[in-house]
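This report refers to the structure that appears directly beneath it.
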Amino acid sequence: MTRKKEIDKDRVLDAAEAVILESGGRNFTLDAVAERAGISKGGLVYTFATKDGLIHAALEREVARFQEAVRRRLGSGPTGPVELVLAHIEEALDEDDASTQMAAFLVTALVHAPDMLGPVRDLYRALLDPLRSEHGGVAEVRHALLAVEGIFLLRGLGFAEVSSGELKSVLLHARNVVLAALDRPASRPQRESEGQR
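The sequence shown: position 94 = 94 (the UniProt record's numbering), numbered continuously.
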């Protein structure tokens, strides 16, 4: 009895990302991914039972990659929610067009399957929930982040033609808003709550 050859999931996810980048997602099929990965479609389906499952795994990996990059940017010092948003925006500024377009495709490809968007919801919840204040710098930081993510989705969905230059301009403006908020002591939610004790 022969042992089944184990398929490297990362190799399959690399192949899926390559297909997305080469076709803009238009030709994203299990057949195309299997061919790119050099495996049979049966082997692919054995590893990822559905196209949605494959996209979900690629999305989880992309979110984890981005969050790790943000963590590295933050370093080991104390971090509040405003600093986290700043690191998120600065990491987005350093992303290349291909990474941005792939991430947008992964998110939008699962819009029809909301239960699979957990990694994205968790990311946004961690960023936005601490910024619920309606006042001052915290509200401005929340609005800046919403603008950044809004342009990301508008561009990714193809609803608006946004050049790389315009995207960078929006990100730089958002970063400046967050930097200005960091200069105001009351903009830090954790300090506001400490002052109420």
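Glycine included, every Cβ here is placed at the ideal spot set by N, Cα and C.
Q. What distance in whole Å lies between the Cβ atoms of Gly-137 and Ala-181, which are believed to be in contact at a cut-off of 8 Å?
A. 3 Å
**Q.** Those runs of the alpha helix (DSSP H) which lie wholly inside the segment 118-172 and span at least 4 residues
**A.** 118-128 and 136-157
Q | Range covered by the alpha helix (DSSP H) that runs through Asp-97 | A | 97-109
Q: Output the boundary residues of the alpha helix (DSSP H) element that contains Pro-81.
A: 81-94
Q. If you draw a straight line from the alpha carbon of Val-178 to that of Gly-38, how long is it in whole angstroms?
A. 46 Å
(Q) Which of the three DSSP states is assigned to Asp-183 in this structure? (A) coil
Q. Helix or strand or just coil, what does DSSP make of Glu-60?
A. helix
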